[in-house]
Amino acid sequence: MWLWLSAIAKPHATPQTIAAKRHQWLAQGKDRQLRERCRSAQRYVVEVSTPPRVLWLLDTDDPEVATLITEHFGDLWEIAVSRVTPQAIGS
Numbered sequence: 110m111w112l113w114l115s116a117i118a119k120p121h122a123t124p125q126t127i128a129a130k131r132h133q134w135l136a137q138g139k140d141r142q143l144r145e146r147c148r149s150a151q152r153y154v155v156e157v158s159t160p161p162r163v164l165w166l167l168d169t170d171d172p173e174v175a176t177l178i179t180e181h182f183g184d185l186w187e188i189a190v191s192r193v194t195p196q197a198i199g200s
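Below, the structure is given as structure tokens:
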């Protein structure tokens with residue numbers, strides 16, 4: 110299954126708190142956990158977005174993998190999770 114997570118920074122999130130939370134994610138090895146639970150895990154940053162916005166596209170058989178992201182980053186980001194289906198552009 111494919112999961113699409115869309116995150117918009119909450120008003121109190123600063124670039125410093127966002128960077129610290131990302132550093133904590135890496136230091137705790139959660140990036141490795143995500144890679145182990147997904148066939149593919151991609152992260153996108155929407156450039157020049159105010160407030161900041163991040164998108165994740167995950168290919169996984171584990172629907173709980175989204176919880177790994179939402180529980181870690183949920184204090185700084187409003188995160189919406191959607192199940193999506195890849196389709197060819199010509200379809």
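If you want my numbering, it's the 1-based position in the sequence shown plus 109.
Backbone N, C-alpha and C define an ideal beta-carbon position, used for all residues, glycine too.
Fair warning: this is a prediction, and the values are worked out from it, not measured in the lab.
Among the options, nearest to residue i - alpha-carbon criterion
i            : options                        : result
cysteine 147 : Thr126, Glu173, Gln125, Pro124 : Glu173
alanine 128  : Arg144, Gln142, Val154         : Val154
Residues near residue i by beta carbon distance below 8 Å, same chain, minus five either side
i             : result
proline 120   : Pro160
alanine 60    : Limits of the chain in this structure are 110 at one end and 200 at the other, which puts residue 60 out of reach.
threonine 194 : Trp111
For residue i, the three-state DSSP class (helix, strand or coil)
i             : result
alanine 131   : It should be noted that the sequence gives arginine, not alanine, for residue 131. Arginine 131: helix per DSSP, three-state reduction.
glutamine 151 : strand
valine 174    : helix
For residue i, the residue or residues it bridges with in DSSP
i             : result
glutamate 187 : Ile117
aspartate 168 : Trp111, Ser149
arginine 192  : Leu112
valine 163    : Ala116, Val154
Heavy atom of the ligand MN within 7 Å of residue i beta-carbon
i          : result
valine 163 : Ligands are entirely absent from the displayed structure, and the ligand MN is therefore not among its contents.
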